[in-house]
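Enquirer: Supplied in structure tokens, the structure appears directly below.
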Amino acid sequence: MPHRIVVLGAGYAGAFCAGYLARQLHSDDFEITVVNAEPDFVERLRLHQLAAGRDLPHRPLAEVFAGTGIRLRIARVTGIDVERRDVTVADAAGTDRLAYDTLLYALGSTAAEHGVAGVAAHAFHVATRPSALRLRSRLDELGADGRVLVVGGNLTAIEAATEIAESRPGLRVELVTGGELGGWLGPKARRHLLRAFDRFGITIHEHTTIERVEEAAAVAADGTVFASDATVWTAGFAVHPIAAASGLEVVAGGQIRVDRQMRSVSHPDVYVAGDSAFVIGDNGRPLPMSCASAGFTGMQATSAIIGDRTGRQVETTALSYVGNHIGLGRKDGIFQLVDGDAGAKSGALCGRPAAWVKAAIVATSGWAIGHPTFGKRSHRYRAAATGVPSAVLVAG
Ligand SMILES: Cc1cc2nc3c(=O)[nH]c(=O)nc-3n(C[C@H](O)[C@H](O)[C@H](O)COP(=O)(O)OP(=O)(O)OC[C@H]3O[C@@H](n4cnc5c(N)ncnc54)[C@H](O)[C@@H]3O)c2cc1C
1 MPHRIVVLGA GYAGAFCAGY LARQLHSDDF EITVVNAEPD FVERLRLHQL
51 AAGRDLPHRP LAEVFAGTGI RLRIARVTGI DVERRDVTVA DAAGTDRLAY
101 DTLLYALGST AAEHGVAGVA AHAFHVATRP SALRLRSRLD ELGADGRVLV
151 VGGNLTAIEA ATEIAESRPG LRVELVTGGE LGGWLGPKAR RHLLRAFDRF
201 GITIHEHTTI ERVEEAAAVA ADGTVFASDA TVWTAGFAVH PIAAASGLEV
251 VAGGQIRVDR QMRSVSHPDV YVAGDSAFVI GDNGRPLPMS CASAGFTGMQ
301 ATSAIIGDRT GRQVETTALS YVGNHIGLGR KDGIFQLVDG DAGAKSGALC
351 GRPAAWVKAA IVATSGWAIG HPTFGKRSHR YRAAATGVPS AVLVAG
């Protein structure tokens, strides 16, 4: 019986890992199944663009994985039994259990509500495709007349506010943040950011914490009421509660605590990649949730799975954090590099060249997902001991 690898999630981390494993592992010895809630690969990096009105390429996962040998199950993961080693999934036909020998957890993240009243009921967000499409419909309803309030002061807030302001110039866009807008950026990048907001006519309210969201307003802790026809909640990401509920060891925010090779510290037959993982990067700090981190953690997790299951030495790959690309609408952007302490370097690439770099990165990551085995089917690595029960392989 082949060793069953189940990959949960086909976002940047899961889709990459599944493709890489399918390319490296011998299909006689390994069976790879990917479970994803949506039938398409969703380019989360571009969901603010989708919300603002741009159309994204359609990438059905069935086509992405065609010819790779990967089994695809479109279903929602609702639970994991890490002792019995199975995953509960639900789809229109009901619920089912999928047994695994090795699990790769890559369910990503969604918008963090921070317990603020009214966010779930009244706010919009761009962390998932359904929510981005809901925001798009709302913006369509508003037409060229309405107020959009973006809550948050970091990457997603910046990208969402500028994209909406550029695509829908009739709307009045305001941004409210508890701290400073892009306060962590270096001086050059921050100056560029503030100029861009000025150009787009986006009003900025800093040092203002939203305490409650209502149907047509957001209310700050000091009582200020911001009238809003669409409140866009971009105050960070939170991971799904499935990991914590399953008994995997998690940190306070619910991310799974892993070792340097991306194995769960409590259940080493569970590997984690992407936003769901809490891992200390090469700079000694937790890796931020990002597409770039998904690439690094995915590379490390697949190296560990291949090493552990085929008896090879596990390669230690980089877990780097080098900086952030920020889109400011279609033609403008910022590429802020960080130093070894994750602090912004004083210089930055700004303007149209930064927008080109960002567009190239987004296109490259989309292309890489669409070509999971890069056209090669080497299948070179055999299981360490074919026919040995998986429990023995895991224990060994
Ligand atoms: C608008 C926006 C802009 C961003 N811009 C950048 C950027 O410029 N640079 C950058 O580095 N990062 C950016 N990010 C962050 C980046 O998108 C995430 O860090 C990245 O997607 C994480 O990859 P992942 O594979 O862990 O999760 P995801 O890409 O979220 O993939 C998770 C997958 O799991 C599936 N899933 C979730 N729950 C379930 C379930 N219960 N059952 C089955 N399937 C499930 C989802 O459908 C999805 O396919 C941005 C995010 C957003 C929202």
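Heads up: the sequence shown begins at 1 in full-length UniProt numbering, then just goes up one per residue. Glycine is no exception: its CB is placed at the ideal position from the N, C-alpha and C atoms.
Just to confirm, does Y12 get its C-beta within under 7 Å of one of the non-hydrogen atoms of ligand 1?
Expert: Along the sequence shown, read from residue 1 onward, the residue named residue 12 stands at position 12. At least one heavy atom of ligand 1 is nearer than 7 Å to the Cβ of Y12, so yes.
Enquirer: Checking the sheet assignment: what are the DSSP bridge partners for T110?
Expert: Translated into the one-based positions of the sequence shown, residue 110 becomes position 110. For T110, which the question treats as bridged, DSSP gives the partners A238.
Enquirer: In angstroms, rounded to a whole number, what distance separates the CA positions of residue 397 and G183?
Expert: Nothing about residue 397 can be read from this structure; the chain reaches only from 1 to 396.
Enquirer: Just the C-alpha distance for A217 and G223, rounded to the nearest angstrom, thanks.
Expert: The residue labelled residue 217 in the question sits at position 217 within the sequence shown. The residue labelled residue 223 in the question sits at position 223 within the sequence shown. Cα-Cα distance, rounded: 12 Å.
Enquirer: Can you check DSSP and say which residues form a bridge with P60?
Expert: Taking the first residue of the sequence shown as 1, we reach residue 60 at position 60. Partner(s): D40.
Enquirer: Does the segment 174-188 come close enough to the segment 345-360 that 3 or more CB-CB pairs lie under 8 Å?
Expert: A contact exists between the segment 345-360 and the segment 174-188.
Enquirer: With a threshold of 8 Å, are at least 3 pairs of Cβ atoms found where one atom belongs to the segment 163-180 and the other to the segment 278-292?
Expert: The segment 163-180 vs the segment 278-292: no contact.
Enquirer: Between which two residues does the alpha helix (DSSP H) carrying residue 417 extend?
Expert: An answer regarding residue 417 cannot be provided, because it is not within the stretch 1 to 396 covered by the chain.
Enquirer: From which residue to which residue does the alpha helix (DSSP H) around L25 run?
Expert: Looking up residue 25 in the sequence shown gives position 25. Here L25 belongs to no alpha helix (DSSP H), and DSSP marks it neither H nor E.
Enquirer: Measure the Cβ-Cβ separation of A235 and A112 and say whether it is below 8 Å.
Expert: Residue 235 sits at position 235 when you count from the first residue of the sequence shown. Residue 112 sits at position 112 when you count from the first residue of the sequence shown. Going by C-beta atoms, A235 is nearer than 8 Å to A112.
Enquirer: Does at least one heavy atom of ligand 1 sit under 7 Å from the Cβ of E31?
Expert: Position 31 of the sequence shown holds residue 31. Answer for E31: no, Cβ out of range of ligand 1.
Enquirer: Using 8 Å as the cut-off, can you tell me whether the segment 18-35 makes contact with the segment 138-148, which would need three or more C-beta pairs spanning the two stretches below that distance?
Expert: Touching, no.
Enquirer: Do F278 and V251 come within 8 Å of each other at the CB atom, strictly closer than that value?
Expert: Along the sequence shown, read from residue 1 onward, the residue named residue 251 stands at position 251. Along the sequence shown, read from residue 1 onward, the residue named residue 278 stands at position 278. For V251 and F278, yes; Cβs fall inside 8 Å.
Enquirer: Can you find a heavy atom of ligand 1 that lies under 7 Å from the Cβ of I242?
Expert: Looking up residue 242 in the sequence shown gives position 242. It does: the Cβ of I242 is within 7 Å (strictly closer) of some heavy atom of ligand 1.
Enquirer: For V126 and L135, which I take to be in contact (beta-carbon distance under 8 Å), what is that distance rounded to the nearest angstrom?
Expert: Within the sequence shown, the letter at position 126 stands for residue 126. Within the sequence shown, the letter at position 135 stands for residue 135. Sure, about 6 Å apart at Cβ, within 8 Å.
Enquirer: Based on the DSSP output, what are the partners of Y105 in its beta bridges?
Expert: In the sequence shown, the residue the question calls residue 105 occupies position 105. Answer by DSSP bridge pairing, in chain order: L8 and V272.
Enquirer: Ends of the beta strand (DSSP E) at I70?
Expert: Indexing the sequence shown from 1 puts residue 70 at position 70. Segment: none, I70 is in no beta strand (DSSP E) and carries neither H nor E.
Enquirer: Alpha carbon to alpha carbon, how far is I326 from Y20? Give it in angstroms, no decimals.
Expert: Taking the first residue of the sequence shown as position 1, residue 20 is located at position 20. Taking the first residue of the sequence shown as position 1, residue 326 is located at position 326. Using only the alpha carbons, I get a separation of about 28 Å.
Enquirer: With 16 other CB atoms within 10 Å as the buried threshold, where does A75 fall?
Expert: As a position in the sequence shown, residue 75 is number 75, starting the count at 1. So A75 counts as buried.
Enquirer: With respect to the beta strand (DSSP E) encompassing A149, which residues constitute its N-terminal and C-terminal limits?
Expert: Numbered from its first residue, the sequence shown carries residue 149 at position 149. A quick correction: the sequence has Leu, not Ala, at residue 149. Residues R147 to V151.
Enquirer: Less than 8 Å between the beta carbons of residue 435 and A62, yes or no?
Expert: Because residue 435 is not part of the residues shown, which for the chain are 1 to 396, the question remains open.
Enquirer: By the 10 Å Cβ neighbour count, where 16 or more other Cβ atoms means buried, how is T335 classified, buried or exposed?
Expert: Within the sequence shown, numbered from 1, the residue matching residue 335 stands at position 335. What sits at residue 335 in the sequence shown is Phe, not Thr. Buried, since its Cβ has 16 or more Cβ neighbours within 10 Å.
Enquirer: Report the three-state DSSP secondary structure of H325 (helix, strand or coil).
Expert: Start at 1 with the first residue of the sequence shown, and residue 325 comes out as number 325. The answer is strand: DSSP assigns H325 an E or B state.
Enquirer: If I'm right that V219 touches S276 with Cβ under 8 Å, what's the distance once you round it to whole angstroms?
Expert: Mapped onto the sequence shown, residue 219 falls at position 219. Mapped onto the sequence shown, residue 276 falls at position 276. Contact doesn't hold; Cβ gap of about 33 Å is too wide.
Enquirer: Over the uninterrupted beta strand (DSSP E) stretch that includes residue 450, give me the two end residues.
Expert: The structure shown has nothing for residue 450, since the chain only spans 1 to 396.
Enquirer: Say the cut is 7 Å; is the CB of S290 nearer than that to a heavy atom of ligand 1?
Expert: Locating residue 290 in the sequence shown gives position 290, where the first residue counts as 1. Correct: S290 has its Cβ closer than 7 Å to ligand 1.
Enquirer: Beta-carbon of A227 versus every beta-carbon of chain B: anything under 8 Å?
Expert: The structure shown contains no chain B; it holds only a single protein chain.
Enquirer: For H371 and G253, I'd like the C-alpha separation in whole angstroms.
Expert: Numbered from its first residue, the sequence shown carries residue 371 at position 371. Numbered from its first residue, the sequence shown carries residue 253 at position 253. C-alpha separation (whole angstroms): 33 Å.
Enquirer: Looking only at C-alpha atoms, which of L104, G69 and D86 sits nearest to A273?
Expert: Reading the sequence shown from its first residue, position 273 is the one you call residue 273. If we check each option's Cα against that of A273, L104 comes out closest.
Enquirer: Return helix, strand or coil for G396, following the three-state DSSP convention.
Expert: By 1-based counting over the sequence shown, the position of residue 396 is 396. With a pLDDT of 25 at G396, under the threshold of 50, the predicted position of this residue should be treated as unreliable, though the coordinate-derived value follows. Note: G396 maps to coil in three-state DSSP.
Enquirer: Among residues of its own chain, excluding the 5 on either side of V392, which ones have a beta-carbon nearer than 8 Å to its beta-carbon?
Expert: Mapped onto the sequence shown, residue 392 falls at position 392. Per-residue confidence for V392 stands at a pLDDT of 33, beneath the threshold of 50, marking its modelled position as unreliable; no derived number is given.
Enquirer: Any idea if S137 is buried or exposed, counting beta-carbon neighbours within 10 angstroms, 16 or more meaning buried?
Expert: The sequence position of residue 137 within the sequence shown is 137, counting from 1. Exposed, by the Cβ-count rule.
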